[in-house]
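Asks: Numbers given in my numbering equal positions in the sequence shown, counted from 1, plus 1482.
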Amino acid sequence: MSLCRGIGHRFGCACCAPYLWSLNGPQSGVATRRGVLGAALAGSALALGASVTDGPDRKGRAARSAVGALPLGVLLAQAQAGAGADRIYRNARITTMDRDTPAGQAVAVGSGRILAVGNDDTVAGLAGSGTEIIDLDGLTMLPGLVDGHGHVANAGLYHGFVNLQPSPAGPGNSIGAIQESLRTHREHDGLFDDWLLGAGYDESLLAEHRHVTRDDLDAVAQDVPIFVWHVSGHFGAANSLALRLAGIDSATDDPPGGIIRRRAGTREPDGVVEEHGLYLFRDCMPHFDGDRLLDLLDRAQESYARWGITTAQDGASSADEVALLQRAAAADRLDLDIVAYPMVLDPAELYGLTAPEGYSNALRIGGAKLVLDGSPQGKTAWMSEPYLSPPEGWPEDYVGYPLLEDEVVDALVDGLYARGWQVLAHCNGDRSGDQFLDAVEKATAKYGLADRRPVMIHAQTVREDQLDRMQRLGVMPSFFVAHTFYWGDWHRDAVFGPDRAHRISPTQSALDRKMAFTIHNDSPVVPSDSWRLLWSAVNRETRSGQVLGPDQRIDVPTALHAMTLDGAFQHFEEADKGSITPGKRADLVVLSDDPASLPHDLLKDIVVVETIKDGRTIYRH
1483 MSLCRGIGHR
1493 FGCACCAPYL
1503 WSLNGPQSGV
1513 ATRRGVLGAA
1523 LAGSALALGA
1533 SVTDGPDRKG
1543 RAARSAVGAL
1553 PLGVLLAQAQ
1563 AGAGADRIYR
1573 NARITTMDRD
1583 TPAGQAVAVG
1593 SGRILAVGND
1603 DTVAGLAGSG
1613 TEIIDLDGLT
1623 MLPGLVDGHG
1633 HVANAGLYHG
1643 FVNLQPSPAG
1653 PGNSIGAIQE
1663 SLRTHREHDG
1673 LFDDWLLGAG
1683 YDESLLAEHR
1693 HVTRDDLDAV
1703 AQDVPIFVWH
1713 VSGHFGAANS
1723 LALRLAGIDS
1733 ATDDPPGGII
1743 RRRAGTREPD
1753 GVVEEHGLYL
1763 FRDCMPHFDG
1773 DRLLDLLDRA
1783 QESYARWGIT
1793 TAQDGASSAD
1803 EVALLQRAAA
1813 ADRLDLDIVA
1823 YPMVLDPAEL
1833 YGLTAPEGYS
1843 NALRIGGAKL
1853 VLDGSPQGKT
1863 AWMSEPYLSP
1873 PEGWPEDYVG
1883 YPLLEDEVVD
1893 ALVDGLYARG
1903 WQVLAHCNGD
1913 RSGDQFLDAV
1923 EKATAKYGLA
1933 DRRPVMIHAQ
1943 TVREDQLDRM
1953 QRLGVMPSFF
1963 VAHTFYWGDW
1973 HRDAVFGPDR
1983 AHRISPTQSA
1993 LDRKMAFTIH
2003 NDSPVVPSDS
2013 WRLLWSAVNR
2023 ETRSGQVLGP
2033 DQRIDVPTAL
2043 HAMTLDGAFQ
2053 HFEEADKGSI
2063 TPGKRADLVV
2073 LSDDPASLPH
2083 DLLKDIVVVE
2093 TIKDGRTIYR
2103 H
């Protein structure tokens, strides 16, 4: 796999660097490889624009999803007639996310499926001579969490780079500290195929409040090529040698959808590239060998399981990344279910895509991904109104820019609708949201309204009128609500100003419309830490301790629903996942504390005790 085939938007959205690097690896883990469980999904009975909860129940949504693919009656008969359930978890505080049975004390598991949920005495009837009885001693159990959006392949890949993140995740609090980290890595760890590669610098938190440049990297070394990725994945910086190897000089024009930043008053590149400018390094970057990539993917899966995630998304897969995931699946090295969405930039690419299908060894193709703009923290998201302060060298009316022309987006959405495939679209700015919704509107008029569940990924600056339009068109938002903590202060003070910043990821506005939505971390942009995500959605507290948009806070049950049943719904898997319901897959997570009864400021401190996938433990604290 070529690194450059993953850079830029092939890393996904706002993409790519583990923001809390040191927290990504599990403290301990049990990785149990598993083969295929039947995963054909029953048809959905849920309507477009289905509602979300004001508590554990959902208004306007089907009370209960269809039973999962494996015949529950057969499993129960086998358990009652023979050895009983494989496992029974008892003496627990179980929040099921199932409207009919919202809580319980015990759950029975057999053949990777949930057999029964209820009180200890009732479920005990499914115990047999071979049943393992596990007393949870009052711990809390939830359904396994579903990743609303992320890039699991890249979460692994970034473990192979020099950590340049700011504290507490890394040493990158200043350009001098970044330089020292790169020098130290070269001295002690060597190079990768003669390159020095780093990731995670964040100019918003650097002492200098600027991007790393070629001059900064030349001061580290001029005899080896150096490339470092911005925490958002929408920028990168190269030293002079790396620029020469990529063929970038003063005569090189900006590529479509990208920018080569220049030294003031000249055309000489300053080393920083934006958006599709990252692709200019495609042909010169080194390659990771396949075995090393599989090992790195293992590390990513371990970190996801540590946070209670049992279904992960790879939401902008390159062809190489799909091949990596397929290789991992064939080698039985996927402990999580992974839903991949290959990224498309050109309508011609649609003809080469693998059609969405069911799981094969824990991997399936879910649809396709479009990336329509950049990142708000990097000020490349495409806005309808100017940024509070434009990037250096840009006029006061700067609004970011699109990555694809309207006609291309229209053709891509049309092609996906014609095929009946789900489409995810990266839209950080509200103007890119308009572009996507315009395309959806045209395709819907042509092919009719149906249960396609298109998703606006991030939807950070989505307007109230756009939410109305999304509801009408059946477009589901997946909110990057973790931004309220990681870059909330930056958004308020330097990017949007208070009014627009307070509406970042407007979850309550979606809830007011009874829209289904998910929330996400966009790992590896920020870690796959589910509990800081929950804390962020409920509190919306910034790094400085201020609340960003108190009217957009949601309650704990709603946030958990977005991380479980709505996550399953987004992936067309609500019949099989997302709640602890008899017949569904035994994807479960055991927690140190009950989120519903914990003080809101302590939600981020929840510890995952055990993560269970298809009835098997894949992580234990």
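Don't be surprised by glycine CBs; every beta carbon is placed ideally from N, CA and C.
1) Identify every run of the alpha helix (DSSP H) within the region 1896-1944, keeping only runs that are complete inside it and at least 4 residues long; order them along the chain.
2) Would you kindly report the start and end of the unbroken alpha helix (DSSP H) that includes Gly2049?
3) Is Glu1750 helix, strand or coil by DSSP?
4) Please confirm whether His1758 and Gly1739 have their CB atoms less than 9 Å apart.
5) Name the two residues that bound the continuous alpha helix (DSSP H) containing Tyr1786.
6) Any idea which residues DSSP pairs His2082 with across the strands?
7) Would you report the Cα separation of Leu1885 and Leu1949, rounded to the nearest angstrom?
8) For the structure I just gave you, are there three or more beta carbon pairs, one from the region 1848-1865 and one from the region 1703-1723, closer than 8 Å?
9) At what residues does the alpha helix (DSSP H) containing Ser1722 begin and finish?
10) Exposed or buried, what is Gln1942 when buried is set at 16 or more other beta-carbons lying within 10 Å of its beta-carbon?
11) Using three-state DSSP, classify Tyr1968 as helix, strand or coil.
12) Please determine, among Gly1747, Gln1661, Asp1568, Ala1787, the residue with the shortest C-alpha to C-alpha distance to Gly2092.
13) Count the other C-beta atoms from every protein chain shown that fall within 10 angstroms of the C-beta of Lys2095, then say buried if there are 16 or more, exposed otherwise.
14) Return the residue from the list Asp1603, Ile1657, Arg1774, Ile1576 that minimises the CA-CA distance to Phe1643.
15) What is the DSSP secondary structure of Ser1663, reduced to helix, strand or coil?
16) With contact counted as at least three CB pairs below 8 Å, one residue from each stretch, are the region 2003-2015 and the region 1956-1971 in contact?
17) By the DSSP assignment, the alpha helix (DSSP H) with Pro1980 in it spans what residues?
18) Once the 5 residues before and after His1641 are set aside, which same chain residues still bring their CB inside 7 Å of it?
19) Do Val1853 and Tyr1869 come within 9 Å of each other at the CB atom, strictly closer than that value?
20) What are the residues that DSSP puts in a beta bridge with Thr1793?
21) Drop a sphere of 10 angstroms on the beta-carbon of Ala2050, count the other beta-carbons inside from all chains shown, and report buried for 16 or more, exposed for fewer.
22) Could you tell me the boundaries of the alpha helix (DSSP H) in which Leu1955 lies?
23) In three-state terms, what does DSSP make of Asp1617?
24) Leaving out five residues on either side along the sequence, give the residues of the same chain with a beta carbon under 7 Å from the beta carbon of Ile1660.
25) Does the region 1821-1829 touch the region 1794-1802, meaning 3 or more C-beta pairs lie closer than 8 Å?
26) Would you call the CB atoms of Asp2048 and Ala1998 closer than 9 Å?
27) If you compare alpha carbons, which of Thr1577, Arg1569, Gly1632 is closest to Thr1793?
28) What are the uninterrupted segments assigned as beta strand (DSSP E) that are 3 or more residues long and contained completely in the region 1821-1868, given in chain order?
29) Where does Glu1757 sit, in a helix, a strand or coil, going by DSSP?
30) Could you please give me the residues that DSSP links to Glu2092 through a beta bridge?
Replies: Let's see:
1) 1912-1929
2) 2047-2052
3) coil
4) yes
5) 1772-1788
6) Its beta-bridge partners do not exist; DSSP assigns none.
7) 22 Å
8) yes
9) 1722-1728
10) buried
11) helix
12) As written in the sequence, residue 2092 is Glu, which differs from the Gly given in the question. Nearest of Gly1747, Gln1661, Asp1568, Ala1787 to Glu2092, Cα basis: Ala1787.
13) buried
14) Arg1774
15) helix
16) yes
17) 1980-1984
18) Leu1778, Arg1781
19) no
20) Val1628, Asp1819
21) buried
22) 1946-1955
23) strand
24) Leu1646, Gly1654, Tyr1683, Val1694
25) yes
26) yes
27) Gly1632
28) 1845-1847, 1849-1853
29) strand
30) Val2072, Arg2102
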